[in-house]
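Residue numbers (the UniProt record's numbering), protein chains in the order written: chain A, 1 to 346; chain B, 1 to 337. We put the CB at the ideal spot given by N, CA and C, even for glycine.
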Amino acid sequence: MKVSVIGGGIVGMTSALHIMEQCSSAHGQLELTVISEKFCPDNTSYGAGGLWKPPSQEHMSEAELKRLQGSFDFLTSVLRTSYAHEAGIFLQPGYIVHMDPIPDPAWKDIVVGFRHVTPWELTNLFPGYKQGWFYTAFICQPRDFLPWAKKRLTQRGVSFVQRKVNSLEELAPHYDIVVNCSGVGATKLASDEAVSASRGQVMRVKAPWLRYFVETDGKNPVIDGIPYMYPNLHNVVIGGIKQTGNSRITNDPRDTDTIWKGILALNSQMKGAEVVEEWTGFRPMRDGGIRLERETLTGTSTGRPLEVVHNYGHGENGVTWSHGCAKEVADIVKTIMAERRPNSRL
Amino acid sequence: MVRRVCVVGAGVVGLSSAVCIQEKVPGVQVTVLSEKFSPHTTSDGAAGFWEPHILNDTPQELIRRWGDETWDHLKTLYLSPVACDAGVILLSGYHLHKQPQQDPDWASTVFGFRHLTKQDLQQFPGFSSGWFSTHLLCEGRKYLPWLMTKFKKAGGKVQQGKVTSLTELADRYNVVVNCCGIGAGELVGDSTVQPVRGQVYRVHAPWIKCFFDAEYDGHDFYIFPCSNNVVLGGTAQKGNWNLSPHPTDSKAIWEGCCQLVPSLRKCKVDHEWVGLRPSRPKVRLERESVGKGSSSLEVVHNYGHGGAGITLHWGCAQQAARLVQEALSLQQLKPKL
Numbered sequence: 001m002k003v004s005v006i007g008g009g010i011v012g013m014t015s016a017l018h019i020m021e022q023c024s025s026a027h028g029q030l031e032l033t034v035i036s037e038k039f040c041p042d043n044t045s046y047g048a049g050g051l052w053k054p055p056s057q058e059h060m061s062e063a064e065l066k067r068l069q070g071s072f073d074f075l076t077s078v079l080r081t082s083y084a085h086e087a088g089i090f091l092q093p094g095y096i097v098h099m100d101p102i103p104d105p106a107w108k109d110i111v112v113g114f115r116h117v118t119p120w121e122l123t124n125l126f127p128g129y130k131q132g133w134f135y136t137a138f139i140c141q142p143r144d145f146l147p148w149a150k151k152r153l154t155q156r157g158v159s160f161v162q163r164k165v166n167s168l169e170e171l172a173p174h175y176d177i178v179v180n181c182s183g184v185g186a187t188k189l190a191s192d193e194a195v196s197a198s199r200g201q202v203m204r205v206k207a208p209w210l211r212y213f214v215e216t217d218g219k220n221p222v223i224d225g226i227p228y229m230y231p232n233l234h235n236v237v238i239g240g241i242k243q244t245g246n247s248r249i250t251n252d253p254r255d256t257d258t259i260w261k262g263i264l265a266l267n268s269q270m271k272g273a274e275v276v277e278e279w280t281g282f283r284p285m286r287d288g289g290i291r292l293e294r295e296t297l298t299g300t301s302t303g304r305p306l307e308v309v310h311n312y313g314h315g316e317n318g319v320t321w322s323h324g325c326a327k328e329v330a331d332i333v334k335t336i337m338a339e340r341r342p343n344s345r346l
Numbered sequence: 001m002v003r004r005v006c007v008v009g010a011g012v013v014g015l016s017s018a019v020c021i022q023e024k025v026p027g028v029q030v031t032v033l034s035e036k037f038s039p040h041t042t043s044d045g046a047a048g049f050w051e052p053h054i055l056n057d058t059p060q061e062l063i064r065r066w067g068d069e070t071w072d073h074l075k076t077l078y079l080s081p082v083a084c085d086a087g088v089i090l091l092s093g094y095h096l097h098k099q100p101q102q103d104p105d106w107a108s109t110v111f112g113f114r115h116l117t118k119q120d121l122q123q124f125p126g127f128s129s130g131w132f133s134t135h136l137l138c139e140g141r142k143y144l145p146w147l148m149t150k151f152k153k154a155g156g157k158v159q160q161g162k163v164t165s166l167t168e169l170a171d172r173y174n175v176v177v178n179c180c181g182i183g184a185g186e187l188v189g190d191s192t193v194q195p196v197r198g199q200v201y202r203v204h205a206p207w208i209k210c211f212f213d214a215e216y217d218g219h220d221f222y223i224f225p226c227s228n229n230v231v232l233g234g235t236a237q238k239g240n241w242n243l244s245p246h247p248t249d250s251k252a253i254w255e256g257c258c259q260l261v262p263s264l265r266k267c268k269v270d271h272e273w274v275g276l277r278p279s280r281p282k283v284r285l286e287r288e289s290v291g292k293g294s295s296s297l298e299v300v301h302n303y304g305h306g307g308a309g310i311t312l313h314w315g316c317a318q319q320a321a322r323l324v325q326e327a328l329s330l331q332q333l334k335p336k337l
């Protein structure tokens, strides 16, 4: 069975990992190729801070919660190994603070030790914000995880091809199953008008004393923008830019300014922190949320239907959803492989 | 008329006492006199984690008072622009036990104290209970130079030297504050001061963002991420004066910590270090008049803080400053030299 995964970002690589994990010994031979126009360090995932943090919704479907649990469980399982940090995975407690009080999120029992912030924390650490949560979750740094995943996949015989895919159909002669993890590229590849890009800009700074993440939400009268800071392995990622309709791929000094204003208002200790890197990327947003489903394309050049599994539109939470979605994708691939078995009765 | 105060000892207790005396006692010239200074004091090697520890029979209400005053001081420092310079960090983490333990007295001081759930404990096979809390940490290695700068800026004087008896200072100073820590035993003939030997690794493991502290079967293995490296410990050997790392201890600490966090096996070791916690049945913080006639001297003792030097330092320093004020008020003025 020839399978290709389109997209070498966090969604594509986790899909590949889970497909190899769940499907390679089942139902005959599996040949997996990851095809991507860009790999690390040229893709969106490279710049991401890697915080496990779902949208702050009060209600989520069972399927969504299952995906989140799947991701969290996978990260927990890696944590106990001796190579966790090589994969860019570590435990990280931290805070999410809001201008407007909102109900507890649907995923509060998935993370560890969810609680509300204490009055002291709110008043002193997050002036102006009305409510906050504290919990322990993970950072999974894509810029470390993706090379680690690539190594692991290569060891298992997975091939990597760097090229742009212009249409799903063009893969029909070469593959039985295509897993579409093209992120922002899904606009063209899947003709999906619900997909859009949300421009983000971040800096990585030296602040080795920071031991917790901070994510802010809502317009604070004394703080510009929606600053956030995530400890990474060697630096701290600071940001706060979410722009729709802006396709500027270079760093914008005005955004740099906005980020600093927000961060310094949030945490004055950051003053003078040395900037090590600045980076711009585009979050793969989708109206209506993640598209994770099977699609059978008929009318291909070979006459055979092409099985497609779509897995895109993860917005600003790629790391958070990736493993849970990848497990679901692997289940679908397994099902397709079972259907295609020579003696399977359909 | 300028009164002269000498603080003997330049660890966290000595320097903070010196600063508090400058701040609270008017009209004094303070000198810090010490055999050792940062980075060669016991305080320099400590992780500086706020948690009352190895305090023996020190009355609980004093531990609470001094500890809470220090906590408040660290909170203020943390919120100020000098937090980084002063080495103050806010961090969260796990206390792990193999048997349920009573909640500690400091549970209501730290932030967000809670019991570990089954979900938490899944990460730590072999442990059946514990706590999670958010603490402040104040690294000696940064805090001491910061205190020293503050002390000197306010006109404090510094002298290097070893003191063999307090009365030798009687002709130059009105009050002497004895903050000699482990050296206090020899200095004032206090045989109840005993070392509690602590050995640690300092390693590079930047993926450690929480603390871990596992106590079981008489062991205490801990992992504290300080600002530039991670402390792995430890030992608590009573009466052991050996300042060199011992291979048996190194191995035990390594295995104990790697069992808690397996990824530590791949970390890079920077160095090993041994410190002698200045343990005493109770912290000694009191006034004493020593000597007679021309060699009479008012002394304020402030030593014996065990494993809680940083945890209690500010509360004790405030009290020491009050005692210095008392001593000066009671004393006849001595001629300026």
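Just to check my reading of the structure: residue i and residue j have Cβ atoms closer than 8 Å, yes? What is that Cβ distance to the nearest angstrom?
i	j	result
residue 66(A)	residue 324(A)	7 Å
residue 283(B)	residue 179(B)	At roughly 12 Å, the Cβ-Cβ gap does not stay under 8 Å, so residue 283(B) and residue 179(B) are not in contact.
residue 149(A)	residue 264(A)	Residue 149(A) to residue 264(A), Cβ: 36 Å. No contact.
residue 198(B)	residue 277(B)	6 Å
residue 151(B)	residue 19(B)	5 Å
residue 310(A)	residue 321(A)	Rounded, the Cβ-Cβ distance is 14 Å, inconsistent with contact.
residue 196(A)	residue 243(A)	Wrong, their Cβ atoms sit about 11 Å apart, outside the cutoff.
residue 78(B)	residue 144(B)	That pair is no contact at about 17 Å.
residue 121(A)	residue 113(A)	The pair is not a contact, with the Cβ atoms about 14 Å apart (cut-off 8 Å).
Helix, strand or coil for residue i? Go by DSSP, reduced to three states.
i	result
residue 91(B)	strand
residue 133(A)	strand
residue 336(B)	With a pLDDT of 39 at residue 336(B), under the threshold of 50, the modelled position of this residue cannot be trusted, and the question is left open.
residue 143(B)	helix
residue 275(B)	strand
residue 83(A)	coil
residue 99(A)	coil
residue 110(B)	coil
residue 183(A)	helix
residue 261(A)	helix
For residue i versus residue j, is the C-beta distance shorter than 8 Å?
i	j	result
residue 115(A)	residue 112(B)	yes
residue 50(B)	residue 310(B)	yes
residue 165(A)	residue 336(A)	no
residue 306(A)	residue 297(A)	yes
residue 249(B)	residue 203(B)	no
residue 193(B)	residue 300(B)	no
residue 200(B)	residue 236(B)	no
residue 135(A)	residue 117(A)	no
residue 314(B)	residue 70(B)	yes
residue 156(B)	residue 32(B)	yes
residue 139(B)	residue 48(B)	yes
residue 205(B)	residue 230(B)	yes
residue 172(A)	residue 301(A)	yes
Please name the residue, chosen from the options, that lies closest to residue i on a Cα-to-Cα basis.
i	options	result
residue 39(A)	198(A), 31(A), 13(A)	13(A)
residue 245(A)	259(A), 256(A), 282(A)	282(A)
residue 222(A)	228(A), 61(A), 129(A), 215(A)	129(A)
residue 339(A)	108(A), 177(A), 289(A)	177(A)
residue 9(A)	189(A), 201(A), 141(A)	141(A)
residue 70(A)	126(A), 329(A), 342(A)	329(A)
residue 230(A)	290(A), 109(A), 96(A), 19(A)	96(A)
residue 167(A)	316(A), 6(A), 287(A)	6(A)
residue 255(B)	241(B), 238(B), 280(B), 221(B)	221(B)
residue 56(B)	322(B), 279(B), 243(B)	279(B)
residue 50(A)	31(A), 175(A), 228(A)	228(A)
residue 148(B)	10(B), 322(B), 96(B), 265(B)	10(B)
Quick one: what's got a C-beta closer than 8 Å to residue i's C-beta in the same chain, skipping five residues either side?
i	result
residue 90(A)	79, 84, 138, 139, 233
residue 234(B)	198, 199, 200, 220, 221, 222, 253
residue 252(A)	201, 280
To which residues of the same chain is residue i closer than 7 Å at the C-beta, ignoring the five residues directly before and after it?
i	result
residue 84(B)	none
residue 183(A)	7, 9, 11, 44, 284, 312
residue 219(A)	99
residue 327(B)	175, 287, 298, 300
Enumerate in chain order the residues of its own chain whose CB-to-CB distance from residue i is below 6 Å, with the five nearest sequence positions on each side excluded.
i	result
residue 273(B)	45, 200
residue 30(B)	5, 18, 21, 22, 156
residue 316(B)	66, 285, 302
residue 35(B)	162
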